[in-house]
Structures are given as structure tokens and as C-alpha cells.
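Read left to right, the sequence shown gives residues 1 to 324 (our numbering). Beta carbons: idealized from backbone N, C-alpha and C, even for Gly.
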Amino acid sequence: MSGPIVRIEGLSKRFGAVTAVDNVDLDVAPGELFALLGGSGCGKTTLLRLLAGFETPDAGRIFIDGQDMTGVPPHLRPVNMMFQSYALFPHMNVAENVGYGLRRDGVAKPEIARRVGEALDLVRLADLGQRRPAQLSGGQRQRVALARALVKRPKLLLLDEPLAALDRKLREGTRFELVRLQAELGLTFVMVTHDQGEAMSMASRLAVMDTGRIVQVGSPHEVYGRPATRFVADFIGLANIFERDGSWVVLRPEKIVLSTERPALAHTTAGRIVDIAYEGDRSLLRVATDGAVLIVSALPDPSHQRGQSVWLGWEPGAEHAVIP
């Protein structure tokens, strides 16, 4: 079995009195779509920039494909980065933008033309090579930036909030495009995002960051279903978090059964519907019980009303203990 394509050992980066990345250890396997997920200021973008070589660590080492890249400048790393702004040159057409890095590297014109054509085919923009960025939609500009990053055939592609500039509908469709391309090419993607929906739907594994540290690494299913800490449980999706017998317990809203009659389940409690939020395919209900107000996810039901008395129930396996 081959080793990781990225290995980070004890990596730290400070900006004055602020520690942006704090003693991080991380491995990324070849061919993964790996997401760095966290809120604003958690250190995820700084970690990505350290990988790219745009920042110099204060401590620790970075290995890419087995080679120590800690002090290697960005242009000598087998890495390319796609920026949130896309940073396309407005005076160049699509093909010229995509081939810019190859021209800088002194690649012969026939080879540039061939590789630019291949890259535009990959992102389904083969017919738009002569257009300027201003003539493209937001989704098309995003794909031009991706083609420019791919054309140099990096071992590692870094993506900084790649979908943030797109509207919601376009973001949802583009997620599938990125996942398709990553799987088709077999490249390793490391993506930074604050959007848990993006990370959960796209990544094969993800790392949740908080105050410069990685607090949990795992598949989306593992991180959602078995969060390690209260912070992770609260950050990823909706969660009911409460204390029982001196321990903190997480109970996801979809694990709770709501009924007008007492259900035959291990844990039951009576309650009263406080609020209802209709979301199309589901309704989220806030139900006040003796111990707490619980969020419940249920199929939409017009008979549910504020103030209605209901029963809640769940099995023991629905609960998950977490570290405070």
C-alpha cells in the first residue's frame, strides 16, 4: 500500500500573538477529495496556504509525495491552487487563461494547444476557448479556473472555497461536476470550505478545525454520526445536545420519532410543539419537554400545530456520548 501523498507533522503558524495553525498532524491519501472544514478564523485557509507554499511555517514539516516541501517555494511544488476569486485575466480569452502557466514554464506552443484542448474538454468548455471571462457565466468562469489549475497536471490540487462565488442553485450542480472530475482524473483534491453541506456531500474524508487545531478527522458519515466533541456535534448539522448522568449526549433530530401516542421505544418523553419550520421535504419542529427543547425532523404533516401535545421517542443506539 502506498503512503500518503500529503503528510503534515507538527505544523504551526503564528501571526503576531495569534496562532493560526497549532501543531497540526495530518495525512491525506492519494486520490482523496479531502475537505478542511471550519468556521471563520479556524485556520483552514492558512493551512491550505502553507501546503501551497504561500506561507512559511514557524514549526513542523510538510511532505508531498514523500518529498520534504517545507522550505520549497510555491512554483517548485507539485501543487496547483484554485483561488476563491478565480483570478482570471480579463484581457485574455479562455484558452489563453488556461494556457498561461504553461507559457510561463516555456512549454512549446503545439504542446500548450494540445493540453489546453484536453483541459477544456474535461470541464466541458471546448467550444468557448475564444471567449473572454466577461462573456461567461459564474459557473463557466469557475470551470475555466479549474481547467487552468488542471492543465499543469499537479499531483495535488488545492481549492480555496471553490463554490463560494456561485449562487445556491449553481453551487449544487457544480458540486457534482467537481466530484466527477476528481474521480475521473484520480487526482488528490484538498478543499477548504466553511459550508458543511459542501464538505459532507463532496469529500471522501474531512477534517473539522477549531482555533487552529484539527478536532476530528473522518468520513462525512463518521463525523456526522459519531462526533468526537460537543463542538463537532454542534458544528456539523443539527443536533440536540444535553447532559445525562454527568455525560454529554448528542441526539440527531432525524433519530427522534414524533407521535400523538406514546411510542413503544426505550426512551420516551411528553412534549408540546413550540415552533414548526416547513422545508419542503421535511419539517423541523421544536418540542418543549420537561428537560429541554428538542429539535425533531419529521415528514411534513399539516395536522402538526403549535401548542399541540405530542410524544417523542428514540432507541438507545440513537444517542452518542461526546467529550465536552
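Answer yes or no: do residue i and residue j have a C-beta to C-beta separation smaller than 8 Å?
| i | j | result |
| --- | --- | --- |
| LEU102 | ARG141 | no |
| VAL151 | VAL123 | no |
| VAL215 | THR229 | yes |
| VAL258 | VAL217 | With the sequence shown as reference, residue 258 is identified as Leu, and Val is not the correct amino acid for it. No, these two residues do not count as a Cβ contact at 8 Å. |
| LEU51 | LYS13 | no |
| VAL79 | LEU181 | no |
| SER201 | ARG175 | yes |
| ASP22 | GLU9 | no |
| VAL179 | LEU11 | no |
| GLY173 | GLY31 | no |
| GLY212 | ALA20 | yes |
| THR269 | ASP245 | no |
| LEU238 | PRO253 | yes |
| LYS255 | ALA318 | yes |
| VAL223 | LEU251 | no |
| ALA134 | TYR86 | no |
| ARG153 | PRO90 | no |
Can you pull the DSSP bridge partners for residue i?
| i | result |
| --- | --- |
| THR193 | LEU37 |
| PHE15 | VAL18 |
| LEU206 | ALA35 and GLY218 |
| HIS91 | Answer by DSSP bridge pairing: none, since HIS91 is not bridged. |
| ASP337 | Here the chain has residues from 1 to 324 only, and residue 337 is not among them. |
Am I right that residue i and residue j are in contact with their C-beta atoms under 8 Å? What's the rounded C-beta distance?
| i | j | result |
| --- | --- | --- |
| LEU125 | ARG148 | Wrong, their Cβ atoms sit about 11 Å apart, outside the cutoff. |
Note down, in chain order, each residue of its chain lying with its Cβ closer than 7 Å to the Cβ of residue i, except the 5 sequence neighbours on either side.
| i | result |
| --- | --- |
| ALA288 | GLY271, ARG272 and VAL274 |
| ALA17 | none |
| ARG171 | LEU163 |
| PRO4 | ASP27, VAL28 and ALA29 |
| PHE54 | PRO74 |
| ASP326 | Nothing can be reported for residue 326, as the shown portion of the chain is limited to 1 through 324. |
| PRO263 | VAL257, TRP311 and GLY313 |
| GLU261 | TRP311 |
| SER247 | ALA321 |
Which residues in the same chain as residue i place their Cβ atom closer than 6 Å to its Cβ, once the five residues preceding and following it in sequence are excluded?
| i | result |
| --- | --- |
| LEU128 | VAL94 |
| MET1 | Residue confidence is low: MET1 scores 45 on pLDDT, short of 50, so the model does not pin down where it sits. No coordinate-derived value is stated. |
| ALA266 | GLU315 and PRO316 |
| GLY99 | ILE112 and VAL116 |
| PHE358 | Shown here, the chain extends from 1 to 324; a query on residue 358 therefore has no answer. |
| THR45 | VAL192 |
Apart from the five residues on each side of it in sequence, which residues of its chain come closer than 8 Å, Cβ to Cβ, to residue i?
| i | result |
| --- | --- |
| SER283 | ILE276, ALA277, SER297, ALA298, LEU299, PRO300, ASP301 and HIS304 |
| ASP68 | ARG61 and ILE62 |
| ASP369 | With the chain covering only 1 through 324, there is no way to say anything about residue 369. |
| LEU48 | LEU36, MET81, LEU158, ASP160, VAL190 and VAL192 |
| LEU136 | VAL94, LEU128 and VAL144 |
Does the beta carbon of residue i come closer than 8 Å to any beta carbon on chain C?
| i | result |
| --- | --- |
| THR19 | In the structure shown, chain C does not exist; there is a single protein chain. |
Would you check if there are 3 or more beta carbon pairs closer than 8 Å linking the stretch 36-43 to the stretch 53-66? Taking a cut-off of 8 Å on C-beta distances, the stretch 36-43 does not touch the stretch 53-66, as fewer than three cross pairs fall below it.
How do the stretch 187-206 and the stretch 156-173 stand: do at least 3 beta-carbon pairs fall below 8 Å, yes or no? Three or more Cβ pairs drawn from the stretch 187-206 and the stretch 156-173 lie within less than 8 Å of each other, which places the two stretches in contact.
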